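Heads up: the structure comes next, in structure tokens.
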Amino acid sequence: MAPRSVILDRNFMNKYDRNLVASLAVAENEEQLINQDKRIIVKTCTYCKRMAPVTLRSCKLCKAARYCDEQCQRADYRTNHRRVCAEFVNPPRTRAFRTHLIGPEEYAHSPIFAQGDKDGLGVWISTGNKVGCEAQKLSKNLVPLKNGDPGYTARVNTILDQPKELHRASKQDLTTLHVCLQNRRKDGVPILVFGAGTQLVTYASSTRVALRGQVDSQDNITTFIRNGNELAAIGVVKDPWTQAPRVHVVHINGKSANLPPYPSVLKDPTEAIVALHPGDYAVMSLQFRTGDGKTITKDWQAFKLLDHVIIPFMKWDGTSRPETLASSLPPAYTLPDISASKTLKAKYVVASFNQSAIWKHYWDAIKHGDDVFLRTHNGDVHAAMNSSMTRAQEALTEATLRLVDLPESERNEEWCDKMKSSLAGLL
Ligand SMILES: [Zn+2]
Ligand SMILES: [Zn+2]
Numbered sequence: 001m002a003p004r005s006v007i008l009d010r011n012f013m014n015k016y017d018r019n020l021v022a023s024l025a026v027a028e029n030e031e032q033l034i035n036q037d038k039r040i041i042v043k044t045c046t047y048c049k050r051m052a053p054v055t056l057r058s059c060k061l062c063k064a065a066r067y068c069d070e071q072c073q074r075a076d077y078r079t080n081h082r083r084v085c086a087e088f089v090n091p092p093r094t095r096a097f098r099t100h101l102i103g104p105e106e107y108a109h110s111p112i113f114a115q116g117d118k119d120g121l122g123v124w125i126s127t128g129n130k131v132g133c134e135a136q137k138l139s140k141n142l143v144p145l146k147n148g149d150p151g152y153t154a155r156v157n158t159i160l161d162q163p164k165e166l167h168r169a170s171k172q173d174l175t176t177l178h179v180c181l182q183n184r185r186k187d188g189v190p191i192l193v194f195g196a197g198t199q200l201v202t203y204a205s206s207t208r209v210a211l212r213g214q215v216d217s218q219d220n221i222t223t224f225i226r227n228g229n230e231l232a233a234i235g236v237v238k239d240p241w242t243q244a245p246r247v248h249v250v251h252i253n254g255k256s257a258n259l260p261p262y263p264s265v266l267k268d269p270t271e272a273i274v275a276l277h278p279g280d281y282a283v284m285s286l287q288f289r290t291g292d293g294k295t296i297t298k299d300w301q302a303f304k305l306l307d308h309v310i311i312p313f314m315k316w317d318g319t320s321r322p323e324t325l326a327s328s329l330p331p332a333y334t335l336p337d338i339s340a341s342k343t344l345k346a347k348y349v350v351a352s353f354n355q356s357a358i359w360k361h362y363w364d365a366i367k368h369g370d371d372v373f374l375r376t377h378n379g380d381v382h383a384a385m386n387s388s389m390t391r392a393q394e395a396l397t398e399a400t401l402r403l404v405d406l407p408e409s410e411r412n413e414e415w416c417d418k419m420k421s422s423l424a425g426l427l
């Protein structure tokens, strides 16, 4: 019996290709604006606002302020920067975590939704680096895979060999956090950050909604009682195929950390363990599952359920093996009270969500829907591109469903090959 064939609609794929070409042109224009902006930033004095012909030196600790000379730096430190730097007001300037507007932008690329600091470690939390506010599916790779990437074929094959898992994963929504961390310790001590140990903590009123449909083994959940309320600490979700946490260190000190050879301070890319020396900063993406994929399908719906983010770290002597230290890390919310854990080496930096910043960023989507949000935040081309992607995702889900229906013996090889090539960019 021939399988009921589901082939991604040709017309739609053509339209998708045209949108892709248009969006590349937009991206090129944006690239120019970013570079122009960078040239201005690195040459403008934070204190006297004069522009120099050369790149100015930056504050060693925050890398967010720049000065003509020691005089300007001293003057700014006395009047303003001492506080701004120590209170982690601004994240370091990096294109991987762009919190300021460039060119005609009305919305920041990485708006700050939560911020916190502890013992010289600062953290800023934003949304995943992406277009639109649709939650990401578990079936999609955290970092978009490209044909030709190492491991691409292997991953696509692994995924297609387990159609049931793929179907299940294509129904599960993830919240992606884009996180920037920086060491601003004045004593020179390096800090080890354990990205995969991050937890999201719910509001008492939203714990039940956040836990709907959760699978404990996969979703890494701890529930605990505080002030008589049940709260949930949701850990980083595991990839169903590799069992690895869905974490990805994107940039370190402004340089891409996507592929090997990794910078030496990235101690473990799979667990997102990074050693930050004073002034060093890292940007990472982390994924969590909140809700059941039916009631919580947008990023903003998930953010509304969350009170704070908690990230484990410790001072590092520079010699202990980071992997060993990571394995001794107690999950934050299995302890009766983290503030009582003075004897433990591990500390936790907490960043509370600023619901009004989240509301402000997603206002268009909440009031007028995704299309309006896409246009105001990303422009028409990206809006068209995104609706094509959504349709492609739907087609993929449908195709997977059919594949699941078929006994293995009846799977048509040609059909499977077509599926695999269609999967480029979708997984
Ligand atoms: Zn100056
Ligand atoms: Zn500074």
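Our numbering applies: residue 1 is where the sequence shown begins, and numbers increase by one.
For each residue, glycine too, the CB sits at the ideal point set by N, CA and C.
This one's a predicted model, so the numbers in the text were calculated from it and none came from an experiment.
Item	Value
Alpha-carbon to alpha-carbon, Pro240 and Cys133	23 Å
Three-state secondary structure assigned by DSSP to Ile41	helix
Pocket of ligand 1 defined by Cβ to heavy atom distance under 6 Å	Cys45, Tyr47, Cys48, Arg50, Tyr67, Cys68, Cys72
Where the beta strand (DSSP E) through Val350 begins and ends	347 to 353
Residue from Ala210, Thr175, Gln355 whose Cα sits closest to the Cα of Lys130	Thr175
Heavy atom of ligand 2 within 7 Å of His81 beta-carbon	yes
Where the beta strand (DSSP E) containing Leu61 begins and where it ends	Premise fails: Leu61 is in no beta strand (DSSP E) and is neither H nor E.
Classification of Arg18 by the beta-carbon crowding that lies within 10 angstroms, buried from 16 upward	exposed
Distance CB(Leu138)-CB(Thr202) smaller than 8 Å	no
Inter-residue CB distance, Asp119 and Lys294 (contact presumed, cutoff 8 Å)	That belief does not hold up - the Cβ atoms of Asp119 and Lys294 are roughly 41 Å apart, past 8 Å.
Close beta carbons around Leu56, own chain, < 7 Å, minus the five adjacent residues each side	Val42, Lys43, Cys45, Arg66, Tyr67, Cys68
Leu61 beta carbon near ligand 2 (any heavy atom closer than 7 Å)	yes
Cβ-based burial, Met389 [other Cβ within 10 Å; buried from 16]	buried
Distance, Pro312 Cα to Phe194 Cα	6 Å
Residue nearest to Gln243 in terms of C-alpha spacing, selected from Ala22, Gly103, Asn141	Asn141
Backbone CA spacing between Pro322 and Arg375 [nearest angstrom]	44 Å
Cys85 beta carbon near ligand 2 (any heavy atom closer than 7 Å)	yes
Separation of Gly254 from Pro104, as counted between CA atoms	24 Å
Pro336 burial status per 10 Å Cβ neighbour count (16 or more: buried)	Any answer about Pro336 is weak, because its pLDDT of 47 lies below 50 and its placement is not dependable; what the coordinates show is given next. Exposed.
Distance between Pro144 and Met385 (C-alpha atoms, nearest Å)	15 Å
Under the three-state DSSP convention, the category Pro144 falls into	coil
C-beta atoms of Asn183 and Gly279 nearer than 8 Å	yes
Own chain residues within Cβ distance below 8 Å of Glu413, not counting five before or after	none
Unbroken stretches of the beta strand (DSSP E), 3 residues or longer, contained in the segment 165 to 252	173 to 183, 191 to 194, 199 to 202, 221 to 226, 229 to 235, 247 to 252
Proximity of Val123 and Val349 at Cβ, strictly below 8 Å	yes
Element boundaries [alpha helix (DSSP H), containing Ser327]	322 to 327
Contact test: Ala75 Cβ vs ligand 2 heavy atom, cutoff 7 Å	no
Per DSSP, the bridge partner or partners of Trp124	Gln115, Cys180
Alpha-carbon to alpha-carbon, Ser110 and Asp371	19 Å
Three-state secondary structure assigned by DSSP to Pro163	helix
Status (buried if at least 16 other CB within 10 Å, exposed otherwise) for Ile225	exposed
Straight-line Cα distance separating Ala233 from Phe303	14 Å
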